[in-house]
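**Student:** If you scroll down you'll find the structure; I have some questions about it.
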Amino acid sequence: MRYKYPYLNAEMPGTDDVLAVTPNSAAREMMEHLAGQGIQTYLDRFAAQQPLCRFGLQGTCCRRCLWGPCRVTPEERGVCGADVPLVVISNHIRMVAAGCAAHGQHARLRLEAILAITEGRMAGELQGAERVWWLAKCFGLPVEGRSLTQVAAEVARHLLADLGRMEREPMKALLALAPPERVALWHELDVLPTSAFSEVFETLQRTSLGTDSDWRNVLRQEMRLSLAFFWGCVVAACWASEMLYGPPRLQTVRVGFGTLGRGNTVKVAVHGHAPVLAEALVIATQRPEIIETARAAGAEGIDLYGICCTGQELLARHGIPTTSGILGQELVIGTGALDALVADQQCVIPGVSQVAACFSTEVITTSDSGRMEGAVHIPLDLERIEKVAEAILRKAIAAYDRRQEMPRHVPDASQTAQVGWDERSILEAFGGRAEMLRLIREGEIKGIVTLVSCNTPKVPYEHSNVSLARDLLRRNILITTTGCASHALLNAGLADPAAADLAGERLAQTCRRAGVPPVLPVGACVDNTRTMFLFFDLAEEAGLALPQMPFFYVGAEPGNEKALGMGMAFFAHGISVLAGYPVPVPVPLPVHVEGGDIDDYLRPRNEIADFFGDEARQVVGAKIYGEPYPDLAAGAIDMEFRRKRLALGWG
Ligand code: BF8
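In the working numbering, each residue's number is its place in the sequence shown (first place is 1) plus 881.
Pasting the structure below:
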């Protein structure tokens, strides 16, 4: 069924639309089940918020000072004189700054954990020696006669400096690792960042009342900020995890709501972003005294499950089943199967505590910046991490004990997925750099799309992510995925090697020969690093600049400030971006023609739209598209790949 996506002047999806078109049958079953029980979820709250404010949807409501709020239009400026482009871009950059701070904080926690281990203050050993030595070499750090822990500590300090430096020097990781062609361009554009912290600081002052009123100059700061976001926060978090816990491990597992039905065990879901505590929980679940306590309560053992990005981290390294991304967290708790939900940082919505109360599920918060009413708070303390993990599991066991009679409703739906991919294992699976490039050059793989980021209530549950992925596969386009988009694609069975059958003939044969699925999950949102480095490797092998390669970044259901920063970062690297359901991004947003049919819409133009549409291609070599319809989005991506391939003379 072709769903009529809400453009700016149309209705948002109601519960009936969601139930009619979501590709996730287990989520549908849970939505109906919870509605039958009278338990409120995001669906009810989203319906109550309608109609959404059109100014807010377009980013033209300005609340950056106390003179307003001002609603600006092409005819009416704000009280201070700000026009539409200035308001839109100033609102947008502030969201990217918030996203930068969010990814930055979990990079910081992981780097602090490395220092705590290397200084003997935290239990555990570094599992990712290879990444430590590689980074030390890239940063030009001395390694002769030094131990792994000494070098790891220096690498961590190097990355921490990129996160927090205030001296006006460019970021070290970016200079050491970004493609020279990009560094030269960023230098010429004067957008080389100092650090994540200082660029967030600068962004907030620059967009305060009466400061930078040249929107193009604000946009230049947004490029600088998004580079700081990527190199200071995203890359640092990904590699800090790898130094701490080792690289991802290729494995075939079962995922989805149905995995919650396995066995009579104490069931604990980890949720959030920073895997530091979750990794300690993995170890603690194997301790004999904890297993004994669980058995004494009548359980066979303890099972962990994953939600959001912490879930993706444990899936990639330990094969621990994921259940859902951000939009389904209340539905997971609504199964009644969970004894405890352990939250670390970000994307844990307040609604979970209300659903958890209905099922006596213990919600345990562990970060001071992520506390929640109705939750028990057991703070993460790196120096006592084993004890903290144990205390959490004992709470979960106690919850199991008192929840024996609690009704459960677990949909019988789970999927096979091959997980734990990174740039090295992807290249290896396709026969190495030269061979994978040959496959792309000859059109066996038409191009690579990284389909990432969130879910949004503005789209019927997982519908855009899954529909777009299926369409891209049919067009012989290989997909990497992370974050909540990854949850959607895993739940749809697209990371199962058998999903090669859904791809176009050339991609299907290539995947079957390599024994890989056509959708490759590379982890959590910060693991977009892995896709970026895959892009670097293939462009280097081809001897081409990144904008010349058939690569694309897609956020089909953006919902979080972090997703906006990630899109801008790929854009600054010369990789075109497609945002799905209109968020307040400065691109032409379609508007339905009054009384028109499904394909009858206009794309109003404005200065910012013109910049991101065509001018940007001259400046950074990439473009930003806004396209809610999955089939039209797939067509636009396909067209860009064809254009690039034609220019290169590739088959
Ligand atoms: O960093 S995809 S909703 S979980 S923000 Fe949040 Fe978006 Fe999910 Fe992970 Ni990424």
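Every residue, glycine too, gets a C-beta built ideally from N, C-alpha and C.
How should Thr-1092 be labelled, buried or exposed, when 16 other C-beta atoms within 10 angstroms of its C-beta is the threshold for buried?
**Tutor:** So Thr-1092 ends up on the exposed side.
**Student:** Pick out the complete alpha helix (DSSP H) segments inside the stretch 888-963, 4 residues or longer, and give them in chain order.
**Tutor:** 896-902, 906-917, 923-929, 935-939
**Student:** Quick one, which of Gly-1200, Gly-1209, Leu-1212, Met-1253 has its alpha-carbon nearest Val-1223's?
**Tutor:** Met-1253
**Student:** So the candidates are Ala-1310, Cys-1189, Gly-1324, Met-1124; which of them puts its Cα closest to the Cα of Gln-1226?
**Tutor:** Out of Ala-1310, Cys-1189, Gly-1324, Met-1124, Cys-1189 has the C-alpha closest to the C-alpha of Gln-1226.
**Student:** Quick one: Cα of Phe-1451 to Cα of Gln-1296, how far?
**Tutor:** 30 Å
**Student:** Taking the runs of the beta strand (DSSP E) that are 3 residues or longer, which of them lie wholly in the stretch 1224-1300?
**Tutor:** 1243-1246, 1296-1300
**Student:** Expressed to the nearest angstrom, what Euclidean distance is found between the alpha-carbon atoms of Lys-1053 and Ala-1381?
**Tutor:** 41 Å
**Student:** Does the stretch 1373-1393 come within contact of the stretch 1158-1178, defined as at least 3 CB pairs closer than 8 Å?
**Tutor:** no
**Student:** Exposed or buried, what is Leu-1090 when buried is set at 16 or more other beta-carbons lying within 10 Å of its beta-carbon?
**Tutor:** exposed
**Student:** Using CA atoms only, rank isn't needed, just tell me which of Ala-1221, Lys-1443, Ala-928, Gly-1251 is closest to Ala-1279.
**Tutor:** It is Ala-1221 whose Cα lies nearest to the Cα of Ala-1279.
**Student:** Buried or exposed for Lys-1018, please, with buried defined as at least 16 other CB atoms from any protein chain shown within 10 angstroms of its CB.
**Tutor:** exposed
**Student:** Does DSSP put Pro-1128 in a helix, a strand or coil?
**Tutor:** coil
**Student:** Which whole runs of the alpha helix (DSSP H) in the stretch 1100-1170 are 4 residues long or more, in chain order?
**Tutor:** Runs of alpha helix (DSSP H) with 4 or more residues, each lying fully within the stretch 1100-1170, are found at 1116-1126, 1157-1165, listed in chain order.
**Student:** Do you know how far the Cα of Arg-952 is from the Cα of Arg-1284?
**Tutor:** 51 Å
**Student:** Cα separation between Phe-1111 and His-1344?
**Tutor:** 28 Å
**Student:** Given the structure, does Lys-1018 come close to the ligand BF8, in the sense that its CB is under 7 Å from one of the ligand's heavy atoms?
**Tutor:** no
**Student:** By Cβ distance below 7 Å, which residues in the same chain neighbour Pro-966 in space, the five residues on each side in sequence not counted?
**Tutor:** Trp-1096, Asn-1487, Glu-1488, Ile-1489
**Student:** Along the chain, where does the beta strand (DSSP E) that runs through Asp-1184 open and close?
**Tutor:** 1183-1188
**Student:** Just the C-alpha distance for Ser-1079 and Leu-1044, rounded to the nearest angstrom, thanks.
**Tutor:** 8 Å
**Student:** Skipping 5 residues on each side, what residues in its chain have a beta carbon closer than 6 Å to that of Lys-1504?
**Tutor:** Ser-1457, Ala-1497, Arg-1498
**Student:** How long is the line joining the alpha carbons of Ala-1010 and Leu-1066, rounded to whole angstroms?
**Tutor:** 33 Å
**Student:** Does the beta-carbon of Ala-1155, which I'm using as the reference point, lie nearer than 7 Å to any heavy atom of the ligand BF8?
**Tutor:** No, since every heavy atom of the ligand BF8 falls outside the 7 Å radius drawn around the Cβ of Ala-1155.
**Student:** In three-state terms, what does DSSP make of Thr-1174?
**Tutor:** helix
**Student:** From this set, Val-1291, Leu-1419, Gln-918, which residue's C-alpha is nearest Thr-1140's C-alpha?
**Tutor:** Val-1291
**Student:** Would you call Gly-1179 buried or exposed, if buried means 16 or more other Cβ atoms sit within 10 Å of its Cβ?
**Tutor:** exposed
**Student:** For Ser-1348, is the classification buried or exposed, using 16 other Cβ atoms within 10 angstroms of its Cβ as the cut-off for buried?
**Tutor:** buried
**Student:** Could you pull out every residue in the same chain whose Cβ sits closer than 7 Å to the Cβ of Arg-1356, ignoring the five residues on either side in sequence?
**Tutor:** Hits under 7 Å: Lys-1327, Gly-1385, Ala-1515, Asp-1519.
**Student:** State the CB to CB distance for the pair Val-1400 and Leu-1370, rounded to an integer number of angstroms; the pair is presumed to be in contact (CB under 8 Å).
**Tutor:** 5 Å
**Student:** With distances taken Cα to Cα, identify the nearest neighbour of Leu-924 among Leu-933, Thr-1030, Pro-932, Val-899.
**Tutor:** Val-899
**Student:** Can you tell me whether Ser-1334 sits near the ligand BF8, meaning its C-beta is under 7 Å from at least one heavy atom of the ligand?
**Tutor:** Checking the Cβ of Ser-1334 against the ligand BF8 gives yes.
**Student:** Is Lys-1443 close to the ligand BF8? I mean its beta-carbon at under 7 Å from any heavy atom of the ligand.
**Tutor:** yes
**Student:** Cβ of Ala-1004 versus every heavy atom of the ligand BF8: is any distance shorter than 7 Å?
**Tutor:** no
**Student:** Counting along the chain, where does the alpha helix (DSSP H) carrying Ile-1307 start and finish?
**Tutor:** 1304-1310
**Student:** Assuming Thr-1075 and Ile-974 make a contact with CB atoms under 8 Å, what is their CB distance in whole Å?
**Tutor:** Wrong, their Cβ atoms sit about 16 Å apart, outside the cutoff.
**Student:** Tell me whether the stretch 1295-1310 and the stretch 1360-1377 touch, counting them as touching only if at least three CB pairs, one residue from each stretch, are closer than 8 Å.
**Tutor:** yes
**Student:** Using 8 Å as the Cβ pair cut-off and three pairs as the minimum, do the stretch 999-1007 and the stretch 1018-1033 touch?
**Tutor:** yes
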